[in-house]
Amino acid sequence: MRKPRLAKGYLLDIEGVLVRNKAYEPVPGSVAWVAELQERGIPFCLVSNNTTDRPTVLIERLNAAGFSLGTEQMVGALELGRTMLAERGLRRICWLGVAGLNNYWEEAGFELTGGDECEAVVLGVNPDLTTGDLEGVLPAVLDRGVDLVCLHRNLFYLDDRDCRRMGPGCWSAALQALGGVGRTLTVGKPDPRIYRAALKRIGVAAEDTLFISDDPVSDLITAGRLGMETVFVLSGKHGDHEILGRMDQDDWPDVVCGRLSDISLAEEDVS
Ligand SMILES: [Mg+2]
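Residue numbering for the sequence shown follows my numbering, starting at 403 and increasing by one per position.
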């Protein structure tokens, strides 16, 4: 595979690209790489599927790890989820994500209810989710056909001890397999909505933008189909490119490299 070309804009996944995992330990070289991007004035945006920290907290955690970022440099599934639900008039929700974000919803006017009364079931990462919690929404999903809103559909994630944990993609697949009659809506990656929001934020066309992620399936397939150049880094979920063998070759990323700092931000001196 070739090297990535210089791009006019960069969209960056966070976990596995900027930081190793949910402990937010920086990937070696990533702090300096982002600082160089900022010094050069190159447009960029973080594209976050994080559903466990409110955006301000997420940025604070990144800055504590050495970055110097603001919330305006991130588009996230949580904020888009609030917008999508409000636009659809879905205000009574059964939130199956982490309890620490209950007030994130309530302060935006959402009412948190159980599965019996909700207008939508909302899924995010939740290490404490039990099968009992999922069974609690079966009446809503199977009998009332309420919408199942997935803030993202990642199948797994790395927790703060580097353990692989099942993600909302697994839970939504289980609920969908039961044959509910409602719609399943996805907010974050891989749904195109969050990519378009991020491109709009940086003001760069898809074909001039590089998307960098440690997840070629959940993140990069859509980026490639929207016309972006895609880079798969091996600093997160996948330590090698074995995952590509399980993907359609048409969906392979354009470039595979070890980590963010392997990507040049200026023409290399060949003299
Ligand atoms: Mg990632």
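Positions of the beta carbon are idealized from the N, C-alpha and C atoms, including for glycine.
Could you say if the segment 471 to 487 and the segment 445 to 458 meet the contact criterion of at least three C-beta pairs nearer than 8 Å?
At 8 Å Cβ cutoff, the stretches touch.
If you measure from each CB to the nearest heavy atom of ligand 1 and keep those under 7 Å, what residues do you get, in chain order?
Selection around ligand 1 by beta-carbon proximity, strictly under 7 Å to any non-hydrogen atom, yields D415, I416, E417, G418, V419, S615, D616, D617, D621, G638 and K639 in chain order.
Per the contact definition of three or more C-beta pairs closer than 8 Å, is the segment 555 to 575 in contact with the segment 502 to 518?
no
Just verifying my parser: in three-state terms, what is the DSSP assignment at Y426?
Coil, per DSSP.
Let me check understanding here. Comparing Cα to Cα, which of G468, R490 and L464 lies closest to V710?
There is no way to answer for residue 710, as the model of the chain reaches only from 403 to 673.
Hey, quick one: how far does the beta strand (DSSP E) through A415 stretch, first residue to last?
Reading off the sequence shown, one finds Asp at residue 415, where the question assumed Ala. It is not in any beta strand (DSSP E) - D415 carries neither H nor E in the DSSP assignment.
According to DSSP, what are the bridge partners of A522?
I495 and D549
I665 by DSSP, collapsed to three states: which one?
coil
How many Å lie between D535 and S470 at the Cα?
About 38 Å.
Quick test of the definition: if touching needs 3 or more C-beta pairs under 8 Å, does the segment 513 to 521 touch the segment 537 to 547?
yes
Out of R598, G641 and R603, state which residue places its alpha-carbon closest to the alpha-carbon of A625.
R598
On the DSSP bridge assignment, give the partners of I614 in chain order.
L414 and V633
Can you tell which of C496, P618, D549 and N423 has the C-alpha that lies nearest to the C-alpha of G647?
P618
May I have the straight-line CA-CA distance separating A668 from V548, to the nearest angstrom?
50 Å
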